[in-house]
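Asks: Protein chains in written order, with this note's numbering: chain A, -15 to 98; chain B, 49 to 162.
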Amino acid sequence: DQQVKQNSPSLSVQEGRISILNCDYTNSMFDYFLWYKKYPAEGPTFLISISSIKDKNEDGRFTVFLNKSAKHLSLHIVPSQPGDSAVYFCAASSSGAGSYQLTFGKGTKLSVIP
Amino acid sequence: DTGVSQDPRHKITKRGQNVTFRCDPISEHNRLYWYRQTLGQGPEFLTYFQNEAQLEKSRLLSDRFSAERPKGSFSTLEIQRTEQGDSAMYLCASGLSGPGSPLHFGNGTRLTVT
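1. Answer yes or no: do B/Arg70 and B/Phe97 have a C-beta to C-beta separation smaller than 8 Å?
2. If you count every other CB in all the chains shown that lies within 10 Å of the CB of B/Leu87, and 16 or more means buried, which is it?
3. List the residues of chain B that A/Gly44 touches, going by C-beta distances under 7 Å, in chain order.
4. How should B/His152 be labelled, buried or exposed, when 16 other C-beta atoms within 10 angstroms of its C-beta is the threshold for buried?
5. Go to A/His56, then tell me how far its beta strand (DSSP E) extends in each direction, as first and last residue.
6. Starting from A/Gln85, find everything on chain B with Cβ-Cβ shorter than 8 Å and list it in chain order.
7. Going along chain B in order, which residues have a C-beta closer than 8 Å to the C-beta of A/Lys90?
8. Looking only at C-alpha atoms, which of A/Leu5, A/Phe14, A/Ser83 sits nearest to A/Tyr72?
9. Hey, is A/Tyr9's beta-carbon within less than 8 Å of any beta-carbon in chain B?
10. Identify each residue in the stretch 122 to 135 of chain B for which the Cβ-Cβ distance to at least one residue of chain A is less than 9 Å, and report them in chain order.
11. Short of 8 Å Cβ to Cβ, which residues in the stretch -5 to 19 of chain A face chain B?
12. Run down chain B in chain order and give the residues with a C-beta less than 7 Å from the C-beta of A/Ser(-8).
13. Relative to the alpha-carbon of B/Pro147, which residue among A/Ser3, A/Asp(-15), A/Ile37, A/Asn(-9) has its alpha-carbon at the smallest distance?
14. Just the C-alpha distance for B/Lys119 and A/Val62, rounded to the nearest angstrom, thanks.
15. Restricting to Cα atoms, I'd like to know which of A/Val96, A/Gly89, A/Ser95 is closest to A/Asn(-9).
16. Any contact of the stretch 51 to 65 of chain B with the stretch 45 to 57 of chain A, i.e. 3+ C-beta pairs under 8 Å?
17. Pull up the DSSP beta-bridge partners for A/Gln85, would you.
18. For chain A, find out if any of its Cβ atoms is closer than 8 Å to the Cβ of B/Leu139; answer yes or no.
19. Ignore the nearest five residues each way along the sequence and tell me which others in A/Asp43's own chain have a CB closer than 7 Å to its CB.
20. Please determine if the stretch 60 to 69 of chain B and the stretch 91 to 109 of chain B are in contact, where contact requires at least 3 C-beta pairs separated by less than 8 Å.
21. Is A/Phe30 close to chain B, meaning its C-beta is less than 8 Å from at least one C-beta of that chain?
22. Beta-carbon of B/Gly156 versus every beta-carbon of chain A: anything under 8 Å?
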């Protein structure tokens, strides 16, 4: 039973255009959402997060949008750069769970074409 | 901030042997997590420590697995009587207390059981 779903295994985008990565969740207890980027042979690197009291959070070229009623979030990267090519993981946690463990999706591989 | 360090980076072992991995977290972080990642999947939670106390274990953590964090600093993950199904990337992460606090991952130990 996957609680965090990333339904697109891969995405290709031209350099300079917008990349939109999507994520859906099923557990209503999740109230923190994070995006991680992973390069081959490296561990995931934290990118940006959002709490459920907000619907948008922005950090430079990265913006995360949260639609609580739809249990959906998305990561926008504008403009996309070749160095953004990586696997992106959506993760969620619940402040009600003492461990604050992250539950991850399966990832979306983003390829930015020069 | 030297980041989360894991050793070894790669381990090849024969089925039935025991293996031990080490993780050195970011020194200011009181929480330490172990995750496992297999091909095409996101990281899956195994266990976590707050300081030296192991507070939660996933059902993925069979009795062949044991984790310790003896002085609340580094941690070890031991797998006894390895099986081919244990082949995976084992990721360690550390973080501060509090919901939504991002986890910082090491580069992982890739285990191959032959």
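All C-beta atoms in this analysis are idealised placements derived from N, C-alpha and C, irrespective of residue type, glycine included.
Replies: Looking at the coordinates:
1. no
2. exposed
3. Result: empty, since nearest Cβ-Cβ is about 16 Å, beyond 7 Å.
4. buried
5. 56 to 61
6. Tyr81, Phe93, Tyr96, Glu104
7. Gly88, Gln89, Gly90
8. A/Leu5
9. no
10. none
11. Asp15, Tyr16, Leu18
12. None at all; the shortest Cβ gap to chain B is about 14 Å.
13. A/Ile37
14. 44 Å
15. A/Gly89
16. no
17. Paired residues: none, contrary to the question.
18. yes
19. Ile32
20. no
21. yes
22. yes
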